[in-house]
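Enquirer:
Chains as they are written, first to last, in our numbering: chain H, 1 to 519; chain W, 520 to 1038.
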């Protein structure tokens, strides 16, 4: 059955039903109230992705009520935890006029298990909230956080977000979900299927298919609880920096880094940051240059020469027994010492008695949430600066690193934009994030940024590199690139979607997955 | 539509069509040829799980042909790689008379990537085959193997099997699948969705839902290719043994072991082995005792006192830089040294120049496949010995370890059987495998073994412990225990099943998942 656009009559009836079920305070429909749920970096002109109203249920039962009403009235709901995924569209829905199902009010840390080192959280729990909770109860456990701490832990995890401790692959560090399906049924994954389960948050697979991944980057259910693995504080915490002089040193580094990642010598997720990106954490562009077009080579060189910067710098950290950490430091120094002109430096802390850390990079690698790096979006536009992410996954090799760097730089420079980029390095892969930064009040620059991003998606795919995440505005385009066997992945996603959500109410269009009525 | 039992007419027509499509040599239907595809440890009397015929396609196209014909004739196919999963039913199908879709002929190692350390294999590739291939091409990479090396790597992984190197969580060490769905469509997961993909076997998630887990322990598709992560040979390989005097030392050990697992001091998957299980690798029971009923305490004590045994012994290993490994050894010795009467011992090898290792435990922890531990099934029955596995996942704590040990021992001893058990310890959980060993020619003992296993499934679930795998004969019973919200997991599994396989041809009953026509 073809989906009918949501007319004002249907919208009003559904809105009234939601108000009845959730109470007035849980429904936001006035224009100013909706501002926090728009794409914060939307272009200044033209139609964009507009929330119709916002629903903020306070319990699993209220989530079930929302889905029941959405099915009855055939209106789409667009789910998020906090809705702070700003480089990818924030809380805004793919289908304008959707009800945003925002879970900020479900913000309880339900359990902390000190022995097996995990927490059970609701989707409104921010990284800040869990951190505060752990400190308040005197827990000795560390958590993993992304660069900005204001997001939902569940939301970030489900979008395959990353952090920078040894548990930084957040999807891999989750264990055990509770999910409300589109039909209102409440499912627990893995060993959570046992009513009396003792292993829900320590063993991932249960018996039968492992289904947790199905609820990540999808529109197949609303995750209402999730187990988050934590780690005991290490005896020794040693954050390090590697500064590289030349752009091409990136390639030398990647070949040295790969074996150190694979064997765990470096156990966290290092971030390799280019000159512009590094500097954008501290200053705006006009402190360096006020001309048009990308920064000239001489200015880039000047930025690279600033203290603690370089053509590239890598932040990383070591954790554990002091003697093991000291030996890892020697191995790392020996490996990176072969890169001409490079500099390695470390700080060293007692993990059980951390001092107040000033450097946000040292904080984030110790799992302490922060908002310091939010500055980066102000490169061009000050308070009105924005960014979108171009985020590709590749092997950790010189060839792949150079290829994706050159591709992104060429497209950005071609659009008149500076190349601001990082590589986030995992055990077996790395993600290159091109931070496409622009002034949201500059229509031409914003338009150029979006166009450049879309061009990169296509040229990267032709070279074999796929996006791991995407902004609302090019979710379809990204899905289009996954073309093996005439888009077998899309056919599969659609088949599951139709089976689980026959009325197509849950987040239509998320990651290019459209319910039958919209196709 | 209700599934009709496969009558001889329908069977014969389907068989003829399979012969036409695959060729005579790829279809086994004679009684003696089928012997290798029966449950090797079936009870001596009564109906059991009988293969109708065996299909051995040699290519993805032939797998597609098999599924097309199965759909046309509405006959079930039961998939396995090698079909060597002997403690759980071997190659035998859940529904007697099914066509066994056995993938032994698809046995090519398609790629070894030395740089990013992975292999791409077909489902007929055994652990032995990949090992031989790696040595033949001069690869420096190590693999992970389970105790018996004759199984399919893909089959073992999909059944959530484990190995004993740092990559021993096989499902976690897989990256990127190709799957033939019931309708014949060929899907590649993750970044494999990009036709030109460079990251298929290094990055797990792709863009959109992470679906790989869906094809494990399920009947949703036939996996025809899979990426297997390997590891560079470590500078130093140090297998270790810990011997514990008393049964209750298990509890002391678990509390010492948990933090060492969580922080990676012990990076592989240790196995804690009880006295009977340890001895069964070397001798049969009648060398110790010929009486009825479980071994008396004095005999158990005598076995515990044999060289390299104990009430419990733990095998484990350290890998990497020699100085780090030496420090890990000190930490391990200090931790375990607090357990009265315990003994820790180590061997030490150059990982780049391993000698011929005689001890099968040292081999398996270096990823060298072996069949040495197959001896264990001969405890009672000699050549006709068999076993079934009772396999529960729990947290790594003294309380949980004691509870599951006591539960299994009580049921086994109550059935007149010896308690033979191991704990396989992961980073955050452990699996207690009760090795339920019996003489397959002794009808009463075999019957007692199956009954005890089923009783354990139920009493473990009541205490909150779930099976992670199960024999054909109690797949339904295990699925029954996953009862949260009136069996929401089962409803979910069935919904996916019906969407992907509307005719119910793929492995009906696998892990308690039945197609609509059989429910």
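Beta carbons: idealized from backbone N, C-alpha and C, even for Gly.
Give the interface partners of residue 492 of chain H over in chain W, defined as CB-CB distance under 8 Å, in chain order.
Expert: Position 492 of the first chain, counted from the first residue, corresponds to residue 492 of chain H. Neighbours of residue 492 of chain H on chain W, chain order: 700, 704, 706 and 730.
Enquirer: Can you tell me the Cα-Cα spacing of residue 442 of chain H and residue 475 of chain H, whole angstroms?
Expert: Walking along the first chain from the start, residue 442 of chain H turns up at place 442. Walking along the first chain from the start, residue 475 of chain H turns up at place 475. Spanning the two alpha carbons is a distance of roughly 24 Å.
Enquirer: To the nearest angstrom, how far is it from the Cα of residue 929 of chain W to the Cα of residue 816 of chain W?
Expert: By one-based count along the second chain, residue 929 of chain W stands at place 410. By one-based count along the second chain, residue 816 of chain W stands at place 297. Going from the Cα of residue 929 of chain W to the Cα of residue 816 of chain W covers about 14 Å.
Enquirer: Could you tell me whether any Cβ in chain W is nearer than 8 Å to the Cβ of residue 388 of chain H?
Expert: For the purposes of this step, residue 388 of chain H is taken as residue 388 along the first chain, with counting starting at 1. Taking Cβ atoms only, chain W never reaches closer than 8 Å to residue 388 of chain H, which makes this a no.
Enquirer: Go ahead and pull the three-state DSSP assignment for residue 265 of chain H.
Expert: Within the first chain, numbered from 1, the residue matching residue 265 of chain H stands at position 265. If DSSP states are grouped into helix, strand and coil, residue 265 of chain H belongs with coil.
Enquirer: Any C-beta of chain H sitting closer than 8 Å to the C-beta of residue 1007 of chain W?
Expert: On the second chain, position 488 is the one that residue 1007 of chain W refers to. Yes, because at least one Cβ of chain H sits closer than 8 Å to the Cβ of residue 1007 of chain W.
Enquirer: Distance cutoff 8 Å, beta carbons only. Does residue 207 of chain H sit that close to anything in chain W?
Expert: Within the first chain, residue 207 of chain H is the residue found at index 207, counting from 1. So yes, residue 207 of chain H belongs to the interface.
Enquirer: Sort out for me which residues DSSP pairs residue 778 of chain W with in a bridge.
Expert: The count along the second chain starts at 1 and reaches residue 778 of chain W at position 259. Residue 778 of chain W pairs with nothing; no bridge assigned.
Enquirer: Residues of chain W with CB under 9 Å from residue 232 of chain H, in chain order?
Expert: The sequence position of residue 232 of chain H within the first chain is 232, counting from 1. The answer, in chain order, is 778, 781 and 782.
Enquirer: Would you verify that the beta carbon of residue 202 of chain H is, or is not, closer than 8 Å to some beta carbon of chain B?
Expert: Protein chains in the displayed structure are H and W, and chain B is not among them.
Enquirer: Check each candidate in H/467, H/256, H/447 and H/246 and name the one with the smallest Cα separation from residue 302 of chain H.
Expert: Within the first chain, residue 302 of chain H is the residue found at index 302, counting from 1. The shortest C-alpha separation from residue 302 of chain H is found at H/246.
Enquirer: Please report the straight-line C-alpha distance between residue 334 of chain H and residue 666 of chain W, rounded to a whole angstrom.
Expert: In the first chain, residue 334 of chain H corresponds to position 334, counting from 1. In the second chain, residue 666 of chain W corresponds to position 147, counting from 1. Going by the C-alpha atoms only, they are around 38 Å apart.
Enquirer: Taking only runs of the alpha helix (DSSP H) that begin and end inside the segment 438-491 of chain H, which ones reach a length of at least 4 residues, in chain order?
Expert: Listed in chain order, the complete alpha helix (DSSP H) runs (minimum 4 residues) inside the segment 438-491 of chain H are 443-462 and 475-481.
Enquirer: Would you list, in sequence order, the uninterrupted alpha helix (DSSP H) runs of no fewer than 4 residues that lie entirely inside the segment 337-412 of chain H?
Expert: Counting only runs of 4 or more, we get 360-364 and 378-381.
Enquirer: Could you give the distance in angstroms between the alpha-carbon of residue 811 of chain W and the alpha-carbon of residue 935 of chain W?
Expert: Your numbering for residue 811 of chain W matches position 292 in the second chain. Your numbering for residue 935 of chain W matches position 416 in the second chain. In a straight line, the C-alpha of residue 811 of chain W is about 7 Å away from that of residue 935 of chain W.
Enquirer: With DSSP run on the structure shown, which of helix, strand or coil describes residue 243 of chain H?
Expert: Position 243 of the first chain holds residue 243 of chain H. In this structure, residue 243 of chain H counts as strand in the three-state DSSP scheme.
Enquirer: According to a CB-to-CB cut-off of less than 8 Å, which residues of the segment 960-994 of chain W neighbour chain H?
Expert: So the close ones are 980, 981, 982, 983, 984, 985, 986, 987, 988 and 989.
Enquirer: Which residue marks the beginning of the beta strand (DSSP E) containing residue 744 of chain W, and which one marks its end?
Expert: By one-based count along the second chain, residue 744 of chain W stands at place 225. Its beta strand (DSSP E) spans residues 741-748.
Enquirer: In chain W, which residues lie less than 7 Å from residue 285 of chain H when you measure between Cβ atoms?
Expert: The residue given as residue 285 of chain H occupies position 285 in the first chain. Residues of chain W passing the Cβ test: none, with the nearest at roughly 31 Å.
Enquirer: Residue 266 of chain H touches chain W at which residues, Cβ-Cβ below 8 Å?
Expert: As a first step, residue 266 of chain H is located in the first chain; it is residue number 266 there, counting from the start. Going along chain W, no residue has its Cβ under 8 Å from residue 266 of chain H, so there is no contact; the nearest lies around 13 Å.
Enquirer: For residue 646 of chain W, report the span of its alpha helix (DSSP H) as first-last.
Expert: As a position in the second chain, residue 646 of chain W is number 127, starting the count at 1. Residue 646 of chain W -> alpha helix (DSSP H) spans 646-655.
Enquirer: Answer with buried or exposed for residue 784 of chain W, where buried requires no fewer than 16 other C-beta atoms within 10 angstroms of its C-beta.
Expert: Numbered from its first residue, the second chain carries residue 784 of chain W at position 265. That one is buried.
Enquirer: Provide the residue(s) that pair with residue 277 of chain H in DSSP beta bridges, ordered along the chain.
Expert: Stepping through the first chain from its first residue, residue 277 of chain H is reached at position 277. Beta-bridge pairing links residue 277 of chain H to no other residue.
Enquirer: Kindly indicate the opening and closing residues of the alpha helix (DSSP H) around residue 301 of chain H.
Expert: For this step, residue 301 of chain H is matched to residue 301 along the first chain. Its alpha helix (DSSP H) spans residues 297-304.
Enquirer: Count the C-beta pairs between the segment 747-761 of chain W and the segment 846-865 of chain W that are closer than 8 Å, then say yes if the count reaches three, no if not.
Expert: Segments in contact, yes.
Enquirer: Along the segment 874-889 of chain W, where does the CB come closer than 8 Å to a CB of chain H? Name the residues.
Expert: Within the segment 874-889 of chain W, no residue has a Cβ that lies closer than 8 Å to any Cβ of chain H.
Enquirer: Whole angstroms are fine: how far does the CA of residue 255 of chain H sit from the CA of residue 980 of chain W?
Expert: Locating residue 980 of chain W in the second chain gives position 461, where the first residue counts as 1. Locating residue 255 of chain H in the first chain gives position 255, where the first residue counts as 1. The alpha-carbon atoms of residue 980 of chain W and residue 255 of chain H are separated by roughly 49 Å.
Enquirer: Taking residue 108 of chain H and residue 180 of chain H to be in contact with their CB atoms under 8 Å, please state how far apart those CB atoms are, rounded to whole angstroms.
Expert: Within the first chain, numbered from 1, the residue matching residue 108 of chain H stands at position 108. Within the first chain, numbered from 1, the residue matching residue 180 of chain H stands at position 180. With 8 Å as the limit, residue 108 of chain H and residue 180 of chain H do not qualify as a contact, their Cβ atoms being about 16 Å apart.
Enquirer: Is there at least one Cβ from chain H nearer than 8 Å to residue 696 of chain W's Cβ?
Expert: For the purposes of this step, residue 696 of chain W is taken as the residue at position 177 of the second chain. No, no contact with chain H.
Enquirer: Going by the beta-carbon positions, is the gap between residue 89 of chain H and residue 471 of chain H smaller than 8 Å?
Expert: Position 89 of the first chain, counting from 1, holds the residue named residue 89 of chain H. Position 471 of the first chain, counting from 1, holds the residue named residue 471 of chain H. Against a cut-off of 8 Å, the Cβ pair of residue 471 of chain H and residue 89 of chain H comes out as a contact.
Enquirer: In chain order, what residues of the same chain have a beta carbon less than 7 Å from the beta carbon of residue 690 of chain W, not counting five sequence neighbours either side?
Expert: Counting from one through the second chain, the residue named residue 690 of chain W turns up at place 171. If we look at residue 690 of chain W and ignore the five residues flanking it on each side, its Cβ neighbours are 676, 679 and 735.
Enquirer: So, at 6 Å on beta carbons, what are the nonlocal neighbours of residue 798 of chain W in its own chain, with the 5 sequence-adjacent residues on each side left out?
Expert: Against the second chain, residue 798 of chain W aligns to sequence position 279. Cβ within range, chain order: 822.
Enquirer: For residue 131 of chain H, return the contacting residues in chain W, with the cut-off set at a CB-CB distance below 7 Å.
Expert: Indexing the first chain from 1 puts residue 131 of chain H at position 131. Neighbours of residue 131 of chain H on chain W: none; closest Cβ ~20 Å, over 7 Å.
Enquirer: For chain W, check one thing: does any of its Cβ atoms lie closer than 8 Å to the Cβ of residue 216 of chain H?
Expert: Within the first chain, the letter at position 216 stands for residue 216 of chain H. Yes, residue 216 of chain H counts as interfacial toward chain W.
Enquirer: Is the Cβ of residue 160 of chain H closer than 8 Å to any Cβ of chain W?
Expert: Within the first chain, numbered from 1, the residue matching residue 160 of chain H stands at position 160. For residue 160 of chain H, the answer is yes, since a Cβ of chain W falls inside 8 Å of its Cβ.
Enquirer: Could you give the first and the last residue of the continuous alpha helix (DSSP H) run that contains residue 282 of chain H?
Expert: Here residue 282 of chain H corresponds to residue number 282 of the first chain, with the count starting at 1. Unbroken run through residue 282 of chain H: none, as it is neither H nor E.
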